[in-house]
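Each residue of the sequence shown is one higher than the one before, counting from 1 in UniProt numbering.
For reference, the structure is listed below as structure tokens.
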Amino acid sequence: MTDIQLAADTTSTQQASPVVWILSKGILQEGGDIIDVYLDRELALGDFLTHAAQIAQGNGKIYNPRASDDGALHLSGMSEWLALEPHTVRTKRSLGA
């Protein structure tokens, strides 16, 4: 078997680790809490927008809204922050760790 065939066979049998989306909220300089965990980013967007509206209402403004290349969303309002971030689910122990 050639190196290319071996690489192709290995790639086709490897599955990407599952990803969950974690919605969290907190106070700057004090940390925060996980609000909920979602299997899909689209599922979490409604709750993200609801919490963002609450922050905007309480603070009068949203500061520094941003999206990352991985699809994560972050924003802050005065002293509060809100984040929706992807996290890979560990399905097996890494070798050599």
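We put the CB at the ideal spot given by N, CA and C, even for glycine.
These figures come from a predicted structure and were not determined experimentally.
Discussion item. Do residue 26 and residue 33 have their beta-carbon atoms positioned less than 8 Å apart in this structure?
Written reply: Against a cut-off of 8 Å, the Cβ pair of residue 26 and residue 33 comes out as a contact.
Worksheet item: How big is the Cα-Cα spacing for residue 28 and residue 81?
Response: Distance between the alpha carbons of residue 28 and residue 81: 7 Å.
Item to complete: Taking only the alpha-carbon atoms, compute the straight-line gap between residue 17 and residue 70 and give it to the nearest angstrom.
Response: Roughly 15 Å between the two C-alpha positions.
Discussion item. Less than 8 Å between the C-beta atoms of residue 75 and residue 65, yes or no?
Written reply: Yes, Cβ-Cβ distance for residue 75 and residue 65 is below 8 Å.
Worksheet entry | Secondary structure, beta strand (DSSP E): runs of 3+ residues fully inside the region 53 to 85 | If we require 3 residues or more, the beta strand (DSSP E) runs fully inside the region 53 to 85 come out as 63 to 67 and 73 to 77.
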